[in-house]
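Contents: one structure, followed by commentary.
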Amino acid sequence: MIRVSTGIPGLNEILHGGWLDRRAYVVRGGPGTGKTTVGMHFMAAGAEAGEHGLFVSFDETGTQIRTDAAALGMNLENVDFMDLAPAPEAFREMLTYDIFSPIEVEKYPITHLISDKIEEIRPARVFIDGFSQFGQLATDSFHCRRLVQSCFRFVTQSGATLLVSCDGADPRRDLDIESVADGVLVLEALESSRRLRVLKFRGSGHETGAHVIRLTASGIVAFLAAA
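Throughout the sequence shown, residue numbering follows this note's numbering, covering 259 to 485 in sequence.
Next up, the structure:
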């Protein structure tokens, strides 16, 4: 069974060696809990191992992400970036949404952009930040699960391990996404501490409980919960 490093000190131990190769995983948490940083660690670990990665973002530009990663001492030079955040010009074109539904306007361009890029570069790791927005392209729970499942299968069958982030703003949609994922990691920011929990990890054992995490000058560090 091939394992893929998370890049986060302590998390590989919690997952009994890391993510499973060519599976799809969700990291969920509210704003500021460290979801993007988890993705940076995942990408940086791949780059360090000589793997090609694809970082897809619905929120930030590649330049912003590289700058933030560099501030944490992470090198993402071997990572391709795809910026799917709305361009400034989109503000002027919002009238389109009065005529067509968001799914008709955005679904196919976004899925084609992602699939075309993956076929072009054949990455070993893919991180999609802000994946909750992808789920919003579906009109109902059934179509959301079908859309997400097809995305997950396409990426993993192309040979990549996939990690996506969800913000928890729409619990129903996030549940649809998590139901077809191979694993779910939840990040929590409490008043006095930060924690992570592994809610699901198909095909492998893992350490249960609430594990303390700290955001340091070099990123996230996880600490195994006391038995």
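For every residue, glycine included, the Cβ atom is placed at its ideal position computed from N, Cα and C.
Coil, strand or helix - residue i by DSSP
i	result
THR319	coil
ILE435	helix
PHE389	coil
MET332	coil
ALA303	helix
PRO360	With a pLDDT of only 46 at PRO360, under the threshold of 50, the placement of this residue in the model should not be trusted, and no figure is reported.
MET340	strand
LEU273	coil
ILE266	coil
ILE471	strand
ALA327	helix
ARG453	strand
THR419	strand
TYR355	Model confidence at TYR355 stands at a pLDDT of 46, short of 50, so the residue's coordinates are unreliable and nothing is read from them.
ILE368	helix
ARG411	helix
ILE260	coil
ARG460	coil
LEU445	strand
LEU278	strand
ARG380	coil
GLY311	strand
GLY477	strand
C-beta atoms of residue i and residue j nearer than 8 Å
i	j	result
PRO289	VAL479	no
GLY393	ASP425	no
ARG453	ALA468	yes
GLY304	ALA382	yes
PHE313	THR264	no
GLY422	VAL284	Reading off the sequence, residue 422 comes out as Val, not Gly. Yes, they are a contact pair.
ALA302	ASN333	yes
ASP317	ALA343	yes
ASP432	THR294	no
SER279	SER315	One point to set straight first is that residue 279 is Asp, not Ser, in the sequence displayed. Contact flag unset, no.
ALA282	LEU473	no
ILE368	LEU395	yes
Euclidean distance between Cα positions of residue i and residue j
i	j	result
ALA328	SER462	33 Å
THR466	THR397	35 Å
ASP405	PHE481	Per the sequence presented here, residue 405 reads as Leu, with Asp not at that position. The alpha-carbon atoms of LEU405 and PHE481 are separated by roughly 35 Å.
ALA484	MET259	27 Å
ARG430	SER476	34 Å
SER416	ILE471	32 Å
LEU353	GLU306	Residue placement at LEU353 is poorly supported in this model, since its pLDDT is 49, which falls under 50; the coordinates are not used for a value here.
SER437	SER373	22 Å
THR321	GLN407	30 Å
LEU371	GLY287	26 Å
GLU449	ARG403	34 Å
THR319	VAL296	17 Å
ILE272	GLY308	24 Å
MET298	ALA447	19 Å
ARG324	HIS401	34 Å
Integer-rounded CB distance, given that residue j should sit under 8 Å from residue i
i	j	result
LEU445	GLY276	With a Cβ gap of about 17 Å, LEU445 and GLY276 do not count as contacting.
ALA418	VAL384	5 Å
ILE379	HIS274	Going by Cβ atoms, the distance from ILE379 to HIS274 rounds to 30 Å, so no, they are not a contact pair.
SER399	ALA427	With 8 Å as the limit, SER399 and ALA427 do not qualify as a contact, their Cβ atoms being about 16 Å apart.
Legend entry - Sufficient close CB pairs (3 or more, under 8 Å) joining the region 409-420 to the region 334-343: no
Legend entry - Sufficient close CB pairs (3 or more, under 8 Å) joining the region 453-470 to the region 437-444: Contact between the region 453-470 and the region 437-444 is present, because at least three Cβ pairs lie under 8 Å.
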